Structures are given as C-alpha cells and as structure tokens.
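*Asks:* Dumping the structure here so I can ask a few things about it.
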Amino acid sequence: MNLQSILSQHIIKAVSESYAATLENIEFQATRKDFEGDITVVVFSMLRTVKGNPVQIGETIGEYLVANVAEVSKYNVVKGFLNLVLSDAYYLDFFTSIQNFNSYGKVPATTEAIMVEYASPNTNKPLHLGHVRNVLLGYSVAEILKAAGKKVYKTQIINDRGIHICKSMLAWKRYGNEETPQTSGLKGDKLVGNYYVKFDKEYKKEINTLVENGFTEKDAKAKAPILLEAQKMLQKWEAGDPDVVALWKKMNGWVYEGFDATYENIGVDFDKNYYESDTYLLGKDFIQSGLEKGVFEKDADGSVWCDLTDEGLDRKIVLRSDGTAVYMTQDIGTAIQRVKDFPDINGMIYTVGNEQDYHFKVLFLILKKLGFSWAENLYHLSYGMVDLPSGKMKSREGTVVDADDLISDMAATAKEISEELGKIDDFSAEEKTQLYKTIGLGALKYYILKVDPKKRILFNPEESVDFQGNTGPFIQYTYARIQSILRKAASASGYTESVEIRNLTLEPKEKELLKILQQFPDVIQLAAGNYSPALVANYTYDLVKEFNSFYQNVPIFGAENPAEISFRISLCDAVGSVINTAFSLLGIQVPDKM
RNA sequence: GGUCGCAUAGCUCAGCUGGAUAGAGCACCUGCCUUCUAAGCAGGCGGUCCCAGGUUCGAAUCCUGGUGCGAUCACCA
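The opening position of the first sequence corresponds to residue 2 in the numbering used here, with each subsequent residue numbered one higher.
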C-alpha cells in the first residue's frame, strides 16, 4: 500500500475519533518549498464534513499521525494546511526498494495492444519541420505507451498517389532530361521535390498568360494546360497505364530512399507501412452496410451522406455520386483494414495536425455508428502547427525548413560549442561526429517535445535552438557528469554495492532528489494517459535541476564516511538511469561524455 | 457567420483532479573554476495569469459573455 492510502486511513480514523465525522477522501499535495515538510494534507477541504477551526483540526490530525504512523516524524500547521515531515528511513526504504534502476518506472507489457500512426507524408516532396514535430510526437507517445505497459504497433500512411505526385512526374518528364539521384547526386526526395516546385512555377506562368488573354483567375487556374495534363496523367495512373505506373514507381522509389534516410537520421522506425495506393479503394464496401443500418443515406443523385446534424456537426459525404471514394471513405476502410491486420489491437492513435480536428471527429463518430467496438478507443493526437516568423511554411514557395538541413545545422552548432569548450579532444573523429549528432538531435527533439502538443510552435531559425537552461543538451550534460562519477567510482576501491544505508541522515538535497525519483512511475502513467511527452520532458528537467544543485553543493567522494559515499554514488546512478529512461521515451540519446 | 483550439514575466514555456506569497529558461545584473565536467551552481531584476461577470472558505485553473490570434466548415486530400 502506498503512503497516501496509509495516511488517509489514519486521518479518517483520527477525525472520526475526535470529531465524530466521516471523511470521504483526503486531499494531498506536495509541500511548497517555503514550508517545512514533504507532503501536505489540505484541511480546508474537510470543512464541509468536519465542523471546526481548520488549524485546530490540523493540529489534532498531525499529533495523531506522529504518534501512530512510523513514517511521519514531524508536523506543522499553517492556516488550513497540515504539513507532514516524513522520516529519512521512509525515503531510504523507498530507495532500497528500487531493484533495478534501468527498468524503474516502466511497467511490463500487457496484451493490451494499440496502433500509433505517426506519419502521413506525401511522396512529392521532402520532409520538413512540420513532419518532424509529427514524427517526434508520435514516436515518443508510442514509447511512453510501451513503458506504461501497452503493446504498440507503429505505423505510417504514405500518400503515394494523387494529383500531387503526378505534378512532379509531369514536370520531371518535361524538364528532367532523365535526371536521377545517381546522375545528380541529389537525395531522391529532394530531386522529386524540385520538380514539384518546377511544376508550380510553370503552372503559375500559364495562369498569368491566360489571365492576360482575358480569362478570370478562377478559370485560368482550372484550365491551365499543364494542370489538365497532370489530371490526365492521374486518370492514366488509375487506369493502370504501364508507362505512367512505371514512372510513378521509379519516382516514388527515389522518394522512399530519401525518406528512409531522413527517418534513420531522426532515429524513428515503423512496424508497418500503409500505402494509399493500396487503401484508396477501401471502405466502399462498408458504405453499403452503413446504408442498410441507416447510418448513411443516399441522395437522389446517388451520392451517399452521413447526417451528423444531431451531434452538432454537418452532413458529411462518404461516397461521390459517381460512386468513387472520398478521403473519409478511405479512412473508414483503412481503419477497418488495420484491425484485420492486427487483430489484437483495440484502438488507434492518429498523430495528425490540428487542422484535421474536424475530420477525425467525424471519422470516429462514423466508425462508432457503424458499430465497431474498438471505435471507442480512437484518439486523434492533435498537435499545433509549426510556424516560422515569416508565417506558414509552404513547400511550393520554398519557405520550408528542411528536416535534413535542420538536423545537420543542429549538429554543426553542437560541434561549434563542443570545440570551443574543448572537453572531448581525446575523442576520435568518428566519436566526435557521433556526439555532435547526439547533442544536436537532443536539442532539437527536446525543444519540440517539451511544449504541450496542442500548442502551436513558433520556430525561429535565426535564433535557432538553445543549448543552455531548459534544453536537451543541459540534461545530456548532467547525464555525462554522472557517468564521469560512476567511472571514477568503478576505478576507486572504497565503493561497495552492498552497504547498510537505512541509518543514514539525509541531506535536504538528497531528500529532494529521492522525492522526485519517487514520482517517476506516476509521471509515465500520467504522460501515457494524456499522450503528452511534454510531461516527461518537464519532469526530467525538474530532476536534473535538482541533481545539479545536489552535485554542486554536496560532496560525493568527499562525504564523511564510506556509507555516505556509497549511497551518494548509488543515488547518482539512479538519477542517471532515470534520465536515460526518460530520454529514451522522448527518443533522445544520452552521451557518456561531452 | 457556425464549430473547435489557444491567450501566464521583454522572449520561449511550466503550473496534476480548484489550494498557501503564480514558477523555470533565455535576455539583463552580481558572485563562484588549483576540488566529482562552469553546456553548471548561488543570487538579483522582471506579472492587470487577455477583459468583465459568476460559482465558493479559496479561481491562472471551473461556468457565462466578450476581445484577440489560429484552424475548420468542398462530390480536395
């Protein structure tokens, strides 16, 4: 039983004995720094059932707890707050109870499975900063869910077909001179992206010409020859035209090579890929059964709709009058397909930007109406857009922050700072490169993940990402310091693992550290429940901040006796392990030296 | 116009189911490297928690209304 429930029982007993009142539940909170104590009982909230002066009630309970609960060593009452001081033995017992620092906080996997979709790139352009946030968030949430005991399948849906890729294909055919990644030395996704931009340029030229010749802007946009040709290409693709399909395969292949490189660079992976070219026809079969169940209705022209006006939403089309599928149809089909592919999953998480909030609201509602039991466990992990000081990122206009460039820029900054500090001069060139990447990526990932997912991020490339204060490198640095201590401990003779620590007197900073360590399992569960890596990031920062204060103010190897030394080293070890675990949940690596 | 989201220090962000004097980092200012890594530590400066009502012992947090910013409301994806 945990401490709070033990305390609750005694408090209820104390109150019923002294005041003849029965408390339902007791409210606890961490004691504020400015008061003495470790945990605080809020007496105010008892006043509804217990009549009396809050200070007096607090005193009564406090006295009772000190007398009857071994863990409570002292108490004080401030206004309606009863602050309890817990014994050092309580914290030391907790520390002893952590068997394995490396697995501390995590829960063993259960059979409860869930799928996390965390990327949905189009194959006509390279990945940019917006994709980076998407991928980092989803990957981290997947890792957090695993740590919280879920079985997780990671997936992405690749939008490999449609008018966008035809635009790149057409431009390449016209202007490409058979250029390939090999002949140009360009990364495949970059090469294809260039032709998407090229298409847009030509398209705009044609629009201007048409407008000069008296077309309205709207007509010009719809009638530009290059666009008509792209549309024709899409029709050919859908008809299975061998030449078009061959070109499509070739160019998509280039893009996948590029994506793979970027994903590897970022350090994320997927258990299963879904391709829109496989799924875009799915879902139509379920329209019929939905019609029979009365979930959908057919209009006179043959189009099929779902009426959601009762739920405060609009009517939503699910099948065109010509019988073809829309995006919604496809998403219905894909969801069902995924449950067929992975029969043990009982829910899905879609990591998609908040511009699609409405779409997912409707999708989930329709799936529920269709009667799928797992539809109750669908969650749209909606995140805010990443904007630049200049406004929105637009691929066509080239105002995007490219993912690969961003990562190498961060590593370059890490290199600059590292060289200036000159602490790793003994590293080999390869070790240095690896370290710069670890730090650069750590800075980037932490910067993005520490922010609440639903808030939008303003990214300023000029000011770039910090390496001091509440940042990834700061936390990595602390980890490296700890490793340095552990190396020294391993080579020294005085440090033995099995030492009796129960009778030690804790320094305030040691106690604070133990308190924070104690929260870790709860933080993982909370982060899993809220799908929020930010909670893990902020927790890690609090831990590290406290550790650094301990490190700089309490001697470790210079402690008074061997038991103290041994305990402090062990405490460092535990903090290091928790940093490592927490960062792995964020997809961030930690260096042994920096 | 309807719907959804956001608004906290100059800037970037925390603030758990309502709790004590609203916290960090950056920036600015002051100290601390002959000791376990100064990417650090100790401290200072800095607030109309968007506004107005309401709920109650108590509101940054919950409710209502408003303002501002963003998104969305296609037989597009």
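Yeah, the Cβ is synthetic: ideal placement off N, Cα and C, and Gly gets one too. Keep in mind the model is a prediction, meaning the values are calculated, not measured.
In the DSSP assignment, find the alpha helix (DSSP H) that holds His165 and state where it starts and stops.
*Replies:* As a working mapping, residue 165 is identified with position 164 in the first sequence. Here the alpha helix (DSSP H) through His165 covers 164–176.
*Asks:* Could you tell me if Arg503 is buried or exposed, where buried requires 16 or more neighbouring beta carbons within 10 angstroms of its beta carbon?
*Replies:* Taking the first sequence and counting its residues from 1, the one referred to as residue 503 is at position 502. The residue is exposed, with fewer than 16 neighbouring Cβ atoms inside 10 Å.
*Asks:* Would DSSP call Tyr65 helix, strand or coil?
*Replies:* In the first sequence, residue 65 corresponds to position 64, counting from 1. In this structure, Tyr65 counts as helix in the three-state DSSP scheme.
*Asks:* From this set, Asp426, Pro127, Glu25, Tyr532, which residue's C-alpha is nearest Leu146's C-alpha?
*Replies:* Locating residue 146 in the first sequence gives position 145, where the first residue counts as 1. Ranking Asp426, Pro127, Glu25, Tyr532 by Cα distance to Leu146 puts Tyr532 first.
*Asks:* Could you check whether the region 436–456 touches the region 572–588, counting it as contact only if at least three pairs of C-beta atoms, one from each stretch, sit closer than 8 Å?
*Replies:* Yes, they touch.
*Asks:* Pull up the distance between the alpha-carbon of Tyr328 and that of Asp279, whole angstroms please.
*Replies:* The residue given as residue 328 occupies position 327 in the first sequence. The residue given as residue 279 occupies position 278 in the first sequence. So the two alpha carbons sit approximately 13 Å from each other.
*Asks:* What's the C-alpha gap between Asn3 and Gly577?
*Replies:* On the first sequence, residue 3 is found 2 positions in, with the first residue counted as 1. On the first sequence, residue 577 is found 576 positions in, with the first residue counted as 1. Rounded to the nearest angstrom, the two C-alpha atoms are 25 Å apart.
*Asks:* So what does DSSP say about Glu513, is it helix, strand or coil?
*Replies:* Position 512 of the first sequence holds residue 513. Looking at Glu513 - three-state DSSP - the assignment turns out to be helix.
*Asks:* Can you tell me which of the three DSSP states Glu464 falls into?
*Replies:* Against the first sequence, residue 464 aligns to sequence position 463. In the structure shown, Glu464 sits in coil (DSSP, three-state: anything other than H, G, I, E or B).
*Asks:* List the whole-angstrom C-beta distance separating Val387 from Phe460, where the pair is believed to meet the contact cut-off of C-beta under 8 Å.
*Replies:* Against the first sequence, residue 387 aligns to sequence position 386. Against the first sequence, residue 460 aligns to sequence position 459. About 5 Å; that satisfies the 8 Å criterion.
*Asks:* Could you check how far apart the C-beta atoms of Gly81 and Val117 are, in whole angstroms? I think they sit under 8 Å.
*Replies:* Locating residue 81 in the first sequence gives position 80, counting from the first residue. Locating residue 117 in the first sequence gives position 116, counting from the first residue. In fact, because the Cβ distance is near 44 Å, the residues do not count as touching under 8 Å.
*Asks:* Near Tyr478, what residues of its chain come up, given a Cβ to Cβ distance below 7 Å and the 5 sequence neighbours on each side ignored?
*Replies:* For the purposes of this step, residue 478 is identified with residue 477 of the first sequence, where counting begins at 1. Excluding sequence neighbours, Tyr478 sits near Met595.
*Asks:* Once you ignore the five residues that flank Pro226 on each side, which residues in its own chain have a CB closer than 8 Å to its CB?
*Replies:* Taking the first residue of the first sequence as position 1, residue 226 is located at position 225. Correct list, in chain order: Glu207.
*Asks:* Would a C-beta distance cut-off of 7 Å place Ile27 and Ile12 closer than the cut-off?
*Replies:* Here residue 27 is taken as the residue at index 26 of the first sequence, counted from 1. Here residue 12 is taken as the residue at index 11 of the first sequence, counted from 1. In contact: Ile27 and Ile12 (Cβ atoms closer than 7 Å).
*Asks:* Skipping 5 residues on each side, what residues in its chain have a beta carbon closer than 8 Å to that of Ser383?
*Replies:* Your numbering for residue 383 matches position 382 in the first sequence. If we look at Ser383 and ignore the five residues flanking it on each side, its Cβ neighbours are Val353, Gly354, Asn355, Gln357, Asp358, Phe361, Pro454, Lys455.
*Asks:* Suppose you measure from the CA of His381 to the CA of Asp342; what does that come to, to the nearest Å?
*Replies:* Here residue 381 refers to the residue found at position 380 of the first sequence. Here residue 342 refers to the residue found at position 341 of the first sequence. Cα to Cα, His381 sits roughly 20 Å from Asp342.
*Asks:* Determine, using beta-carbon pairs with one atom in the region 285–294 and one in the region 331–340, whether at least three such pairs fall under 8 Å.
*Replies:* Output reads yes: the region 331–340 touches the region 285–294.
*Asks:* Pick helix, strand or coil for Ala223, following the three-state DSSP scheme.
*Replies:* Numbered from its first residue, the first sequence carries residue 223 at position 222. Residue state, collapsed to three classes: helix.
*Asks:* Mapping the DSSP letters down to three states, classify Glu118 as helix, strand or coil.
*Replies:* Sequence index remark: in the first sequence, residue 118 carries index 117 (1-based). Correct three-state label for Glu118: strand.
*Asks:* Could you tell me which uninterrupted alpha helix (DSSP H) segments, each at least 4 residues in length, are contained entirely in the region 42–116, listed from first to last along the chain?
*Replies:* With a minimum length of 4 residues, the continuous alpha helix (DSSP H) runs that stay inside the region 42–116 are 55–69, 89–98.
*Asks:* Going by Cα to Cα distance, which pick from Ala326, Ser571, Val401, Ala583 is closest to Lys446?
*Replies:* To locate residue 446, count along the first sequence from 1; it is residue 445. Cα-wise, what sits closest to Lys446 is Ala583.
*Asks:* Compare the beta carbon distance of Val402 and Pro462 with 7 Å and say whether it is the shorter of the two.
*Replies:* By 1-based counting over the first sequence, the position of residue 402 is 401. By 1-based counting over the first sequence, the position of residue 462 is 461. Yes; because the gap between Cβ atoms is below 7 Å, this pair is in contact.
*Asks:* Short check: CB of Thr156 to CB of Asn253, under 7 Å?
*Replies:* Here residue 156 corresponds to residue number 155 of the first sequence, with the count starting at 1. Here residue 253 corresponds to residue number 252 of the first sequence, with the count starting at 1. Going by C-beta atoms, Thr156 is not nearer than 7 Å to Asn253.
*Asks:* Just the Cα atoms here: how many angstroms apart are Tyr154 and Pro344?
*Replies:* What you label residue 154 is simply residue 153 of the first sequence in a count that begins at 1. What you label residue 344 is simply residue 343 of the first sequence in a count that begins at 1. Cα to Cα, Tyr154 sits roughly 12 Å from Pro344.
*Asks:* By the DSSP assignment, the alpha helix (DSSP H) with Ala143 in it spans what residues?
*Replies:* Locating residue 143 in the first sequence gives position 142, counting from the first residue. It spans 130–148 - the alpha helix (DSSP H) in which Ala143 sits, taken as one unbroken run.
*Asks:* What are the complete beta strand (DSSP E) segments, minimum 3 residues, inside the region 287–375?
*Replies:* Entirely contained in the region 287–375, the beta strand (DSSP E) runs reaching 3 residues are, in chain order, 305–308, 316–320, 346–354.
*Asks:* Tell me, please, whether the region 315–323 touches the region 266–275 by the rule of three or more beta-carbon pairs shorter than 8 Å.
*Replies:* No, they do not touch.
*Asks:* Measuring alpha carbon to alpha carbon, tell me which residue in Lys370, Asp574, Trp238 is nearest Gly295.
*Replies:* Your numbering for residue 295 matches position 294 in the first sequence. Among Lys370, Asp574, Trp238, the Cα nearest to that of Gly295 is on Lys370.
*Asks:* Which word fits Glu561, buried or exposed, when buried means at least 16 other C-beta atoms lie within 10 angstroms of its C-beta?
*Replies:* Indexing the first sequence from 1 puts residue 561 at position 560. Result: exposed.
*Asks:* DSSP has Phe29 in a bridge; who is on the other side?
*Replies:* Start at 1 with the first residue of the first sequence, and residue 29 comes out as number 28. In DSSP, Phe29 forms a bridge with Val42.
*Asks:* Quick one: what's got a C-beta closer than 8 Å to Val67's C-beta in the same chain, skipping five residues either side?
*Replies:* Position 66 of the first sequence, counted from the first residue, corresponds to residue 67. Answer for Val67: Val73, Ser74, Lys75, Tyr76, listed in chain order.
*Asks:* Distance, Cα to Cα, Ala490 vs Phe558?
*Replies:* Here residue 490 refers to the residue found at position 489 of the first sequence. Here residue 558 refers to the residue found at position 557 of the first sequence. Approximately 8 Å, taken between the alpha carbons.
*Asks:* Using a Cβ-based criterion (distance less than 6 Å to any ligand heavy atom), does Thr124 qualify as near the ligand PLP?
*Replies:* The ligand content of the structure shown is nil, which means the ligand PLP is not present either.
*Asks:* Which class does Tyr275 belong to by DSSP, given the choice of helix, strand or coil?
*Replies:* Here residue 275 refers to the residue found at position 274 of the first sequence. Three-state result, Tyr275: strand.
*Asks:* Once the 5 residues before and after Ile166 are set aside, which same chain residues still bring their CB inside 6 Å of it?
*Replies:* Taking the first sequence and counting its residues from 1, the one referred to as residue 166 is at position 165. Excluding sequence neighbours, Ile166 sits near Thr124, Asn125.
*Asks:* CB-CB under 8 Å to Asn103, same chain, minus the five flanking residues each way: which ones, in chain order?
*Replies:* Counted from its first residue, the first sequence places residue 103 at position 102. Cβ neighbours of Asn103 beyond the five flanking positions: Ser578, Asn581, Thr582.
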